[in-house]
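Visitor: First the structure, then my questions, so here it is.
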Amino acid sequence: QWTTSSIVEEQVAAIRRQVGDGRAICGLSGGVDSAVAAALVQRAIGDRLTCVFVDHGLLRAGERSQVERDFVAATGVNLVTVDARERFLSALAGVTDPEQKRKIIGREFIRVFEQAERDLKAQGDYRFLVQGTLYPDVVESGGGAGTANIKSHHNVGGLPEDLQFELVEPLRLLFKDEVRRVGLELGLPETIVHRQPFPGPGLGIRIIGAVDAARLETLRAADAIAREELTAAGLDRDIWQCPVVLLADVRSVGVQGDGRTYGHPVVLRPVSSEDAMTADWTRLPYDVLERISTRITNEVPEVNRVVLDVTSKPPGTIEWE
Ligand code: XMP
Numbered sequence: 010q011w012t013t014s015s016i017v018e019e020q021v022a023a024i025r026r027q028v029g030d031g032r033a034i035c036g037l038s039g040g041v042d043s044a045v046a047a048a049l050v051q052r053a054i055g056d057r058l059t060c061v062f063v064d065h066g067l068l069r070a071g072e073r074s075q076v077e078r079d080f081v082a083a084t085g086v087n088l089v090t091v092d093a094r095e096r097f098l099s100a101l102a103g104v105t106d107p108e109q110k111r112k113i114i115g116r117e118f119i120r121v122f123e124q125a126e127r128d129l130k131a132q133g134d135y136r137f138l139v140q141g142t143l144y145p146d147v148v149e150s151g152g153g154a155g156t157a158n159i160k161s162h163h164n165v166g167g168l169p170e171d172l173q174f175e176l177v178e179p180l181r182l183l184f185k186d187e188v189r190r191v192g193l194e195l196g197l198p199e200t201i202v203h204r205q206p207f208p209g210p211g212l213g214i215r216i217i218g219a220v221d222a223a224r225l226e227t228l229r230a231a232d233a234i235a236r237e238e239l240t241a242a243g244l245d246r247d248i249w250q251c252p253v254v255l256l257a258d259v260r261s262v263g264v265q266g267d268g269r270t271y272g273h274p275v276v277l278r279p280v281s282s283e284d285a286m287t288a289d290w291t292r293l294p295y296d297v298l299e300r301i302s303t304r305i306t307n308e309v310p311e312v313n314r315v316v317l318d319v320t321s322k323p324p325g326t327i328e329w330e
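In this note's numbering, the protein residues as written are 10 to 330.
The structure is reproduced here in structure tokens:
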């Protein structure tokens, strides 16, 4: 019988076998997967795990403090936060190609971890790197038999060849719903376990066009409003996730008061899914859509239009890049 607690026991034993008396570092991305992977490894090897949270500047509003406060409170894990916002912004400057963005972000992540590892050397030798790779990530990155490479998920593809770590991937055989159950089993709070999936490359792949600080501010503000309204409407459990996408190179004419505006559209991408391999667009109630649209166009000056993505996966992927 493949129960959640047997998954936990098996994985804890497997991690102990792999890591022995070594030390591991784990990058927390702000998503469910890395949080659960870290909690599993923490269960297995205790304070020989150090988590590194990279603030790459591509985070959602409030995310950094959520990790630093809620996750640490739930697990008691050793946490180091690295402020790498400038580094990521300059590496991404002017880059518009989605795959190139993903590769750059993945590469910079690893580089930052390696730097963090060097900084941690005083406490011992960190040889292992924990990653929250799920089964669908493995399949979609071409790791599964006979599948095409659709997107290079940054926690699978794009690793530099001179990688100095051995990977620990305790979620590699699991789907998202199993990961959530494992998280609850490990005592993580609902706010972490049931938060929307968030891609490792963060808001960087939700800006269509080049990424810069101002565009990130705009998207972060719109995303926060959409999440607030979905939560207020009690819809968090009904949707899989609702990316908000900024069409940064598109402008349209609008009117506000007596003034003409020439602002950007954002796209709402609410989807329902079991495992993210396929998805249907979610029929959100019109009044909720209206509140999100009204608030975003009132409160985010750069945005003058809110549009709804009604494409299923396939043919559309969940993220736009
Ligand atoms: P797509 O866009 O491929 O997304 O339909 C499927 C699910 O995966 C998330 N996603 C990622 N997660 N690293 C991650 O950890 C990534 O590079 C990445 N890209 C997409 C996406 O949010 C959706 O839940």
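Every residue, glycine too, gets a C-beta built ideally from N, C-alpha and C.
Please report the Cβ distance between ARG32 and ARG136, rounded to the nearest whole angstrom; I am assuming they are in contact, meaning their Cβ atoms lie under 8 Å.
Guide: As a position in the sequence shown, residue 32 is number 23, starting the count at 1. As a position in the sequence shown, residue 136 is number 127, starting the count at 1. With 8 Å as the limit, ARG32 and ARG136 qualify as a contact, their Cβ atoms being about 7 Å apart.
Visitor: Measuring alpha carbon to alpha carbon, tell me which of THR12, ALA242, VAL312 and VAL89 ends up nearest THR227.
Guide: For this step, residue 227 is matched to residue 218 along the sequence shown. Of the listed residues, the one whose Cα sits closest to THR227 is VAL312.
Visitor: What residues in its chain sit with their C-beta under 8 Å from that of ARG314, if we drop five residues either side in the sequence?
Guide: Taking the sequence shown and counting its residues from 1, one reaches residue 314 at position 305. So the qualifying residues of the chain are SER261, GLY263, GLY272, HIS273, PRO274, VAL275 and THR306.
Visitor: Give the straight-line distance between the Cα atoms of PHE207 and LEU255, rounded to the nearest whole angstrom.
Guide: Position 198 of the sequence shown holds residue 207. Position 246 of the sequence shown holds residue 255. Going by the C-alpha atoms only, they are around 16 Å apart.
Visitor: Rank HIS203, VAL91 and ARG78 by C-alpha distance to the C-alpha of CYS35 and give the top, closest one.
Guide: The count along the sequence shown starts at 1 and reaches residue 35 at position 26. For CYS35, the nearest C-alpha among the options comes from VAL91.
Visitor: DSSP three-state call for ALA23: helix, strand or coil?
Guide: One-based indexing of the sequence shown puts residue 23 at position 14. In this structure, ALA23 counts as helix in the three-state DSSP scheme.
Visitor: Between the alpha carbons of PHE62 and ARG300, how many angstroms are there, rounded?
Guide: Counting from one through the sequence shown, the residue named residue 62 turns up at place 53. Counting from one through the sequence shown, the residue named residue 300 turns up at place 291. Near 33 Å, if we compare the C-alpha coordinates of ARG300 and PHE62.
Visitor: Give the secondary structure of ARG288 by DSSP, where H, G and I count as helix, E and B as strand, and everything else as coil.
Guide: For the purposes of this step, residue 288 is taken as residue 279 along the sequence shown, with counting starting at 1. Before going further, note that residue 288 is Ala rather than Arg in the sequence given. Reduced to three states, the DSSP call for ALA288 is strand.
Visitor: Leaving out five residues on either side along the sequence, give the residues of the same chain with a beta carbon under 6 Å from the beta carbon of VAL86.
Guide: The residue you call residue 86 lines up with position 77 of the sequence shown. Cβ within range, chain order: GLN51 and CYS60.
Visitor: Tell me LYS112's beta-bridge partners as DSSP assigns them.
Guide: Along the sequence shown, read from residue 1 onward, the residue named residue 112 stands at position 103. The partner list for LYS112 (beta bridge, DSSP) is empty, contrary to what the question assumes.
Visitor: If distances are taken between C-alpha atoms only, which option among PHE184, ARG224, ARG69 and ARG94 comes closest to THR13?
Guide: On the sequence shown, residue 13 is found 4 positions in, with the first residue counted as 1. Answer by Cα proximity: PHE184.
Visitor: Can you find a heavy atom of the ligand XMP that lies under 7 Å from the Cβ of THR326?
Guide: Residue numbering aside, residue 326 sits at position 317 when the sequence shown is read from its first letter. The answer is yes for THR326.
Visitor: Considering only their Cβ atoms, is the gap separating VAL17 from LEU197 smaller than 8 Å?
Guide: On the sequence shown, residue 197 is found 188 positions in, with the first residue counted as 1. On the sequence shown, residue 17 is found 8 positions in, with the first residue counted as 1. Result no, Cβ atoms of LEU197 and VAL17 do not sit closer than 8 Å.
Visitor: Can you tell me whether ILE327 is buried or exposed? The criterion is at least 16 other CB atoms within 10 Å of its CB, across all chains shown.
Guide: Translated into the one-based positions of the sequence shown, residue 327 becomes position 318. With 16 or more other Cβ atoms within 10 Å, it is buried.
Visitor: Closer than 7 Å: is that where the CB of ASP42 sits relative to any heavy atom of the ligand XMP?
Guide: As a first step, residue 42 must be located in the sequence shown, where it is residue number 33. ASP42: yes, Cβ under 7 Å from the ligand XMP.
Visitor: State the Cα-Cα distance for the pair GLY103 and THR303, rounded to the nearest angstrom.
Guide: Translated into the one-based positions of the sequence shown, residue 103 becomes position 94. Translated into the one-based positions of the sequence shown, residue 303 becomes position 294. Roughly 31 Å between the two C-alpha positions.
Visitor: Have a look at PRO179 and ASP267 and give me their C-alpha separation to the nearest angstrom.
Guide: As a first step, residue 179 must be located in the sequence shown, where it is residue number 170. As a first step, residue 267 must be located in the sequence shown, where it is residue number 258. The alpha-carbon atoms of PRO179 and ASP267 are separated by roughly 57 Å.
Visitor: Nearer than 7 Å: is that true of the beta carbon of GLN250 relative to any heavy atom of the ligand XMP?
Guide: Numbered from 1 along the sequence shown, position 241 holds the residue referred to as residue 250. Within the cutoff, so yes.
Visitor: Could you compute how far the alpha carbon of ALA285 sits from the alpha carbon of VAL147?
Guide: For this step, residue 285 is matched to residue 276 along the sequence shown. For this step, residue 147 is matched to residue 138 along the sequence shown. Answer to the nearest angstrom: the Cα atoms are 13 Å apart.
Visitor: What are the boundary residues of the alpha helix (DSSP H) that GLU328 is part of?
Guide: The residue labelled residue 328 in the question sits at position 319 within the sequence shown. Careful: GLU328 lies outside any alpha helix (DSSP H) and carries neither H nor E.
Visitor: Is the beta carbon of LYS322 within less than 7 Å of some heavy atom of the ligand XMP?
Guide: Start at 1 with the first residue of the sequence shown, and residue 322 comes out as number 313. At least one heavy atom of the ligand XMP is nearer than 7 Å to the Cβ of LYS322, so yes.
Visitor: With distances taken between CB atoms, is the gap from TRP329 to ILE217 smaller than 8 Å?
Guide: Here the question's residue 329 lines up with position 320 in the sequence shown. Here the question's residue 217 lines up with position 208 in the sequence shown. Their beta carbons are under 8 Å apart, which means TRP329 touches ILE217 by this criterion.
Visitor: Grab me the residues of ILE54's own chain with a C-beta within less than 6 Å of its C-beta, minus the 5 sequence neighbours each way, in chain order.
Guide: As a working mapping, residue 54 is identified with position 45 in the sequence shown. Here the set comprises VAL28.
Visitor: Would you mind working out which of LYS110, GLU194, GLN109 and ALA93 sits nearest ALA48, comparing C-alpha positions?
Guide: Taking the sequence shown and counting its residues from 1, the one referred to as residue 48 is at position 39. Ranking LYS110, GLU194, GLN109 and ALA93 by Cα distance to ALA48 puts GLU194 first.
Visitor: Buried or exposed: where does VAL319 fall if 16 or more other Cβ atoms within 10 Å of its Cβ makes it buried?
Guide: By one-based count along the sequence shown, residue 319 stands at place 310. It is exposed - the Cβ of VAL319 has fewer than 16 other Cβ atoms within 10 Å.
Visitor: Taking just the CA atoms, how far does ARG181 sit from ARG236?
Guide: Position 227 of the sequence shown holds residue 236. Position 172 of the sequence shown holds residue 181. About 28 Å.
Visitor: In the DSSP assignment, the alpha helix (DSSP H) including ILE305 goes from what residue to what residue?
Guide: The sequence position of residue 305 within the sequence shown is 296, counting from 1. Note, ILE305: alpha helix (DSSP H), 295-308.
Visitor: Could you check where the beta strand (DSSP E) with GLU175 kicks off and where it finishes?
Guide: For this step, residue 175 is matched to residue 166 along the sequence shown. That run of the beta strand (DSSP E) goes 175-177.
Visitor: When the Cα atoms are used, what is the spatial distance from ALA219 to GLY66?
Guide: As a working note, residue 219 is residue 210 in the sequence shown. As a working note, residue 66 is residue 57 in the sequence shown. Taking the straight line joining both Cα atoms gives about 14 Å.
Visitor: Would you tell me roughly how many angstroms separate the C-alpha atoms of GLU77 and GLY325, rounded to the nearest one?
Guide: Residue mapping note: residue 77 aligns to position 68 of the sequence shown, counting from 1. Residue mapping note: residue 325 aligns to position 316 of the sequence shown, counting from 1. Cα to Cα, the separation comes out at about 34 Å.
Visitor: With respect to the alpha helix (DSSP H) encompassing GLY192, which residues constitute its N-terminal and C-terminal limits?
Guide: Within the sequence shown, residue 192 is the residue found at index 183, counting from 1. Unbroken alpha helix (DSSP H) run through GLY192: 185-194.
Visitor: Would you report the Cα separation of ARG120 and ILE234, rounded to the nearest angstrom?
Guide: To locate residue 120, count along the sequence shown from 1; it is residue 111. To locate residue 234, count along the sequence shown from 1; it is residue 225. Going from the Cα of ARG120 to the Cα of ILE234 covers about 33 Å.
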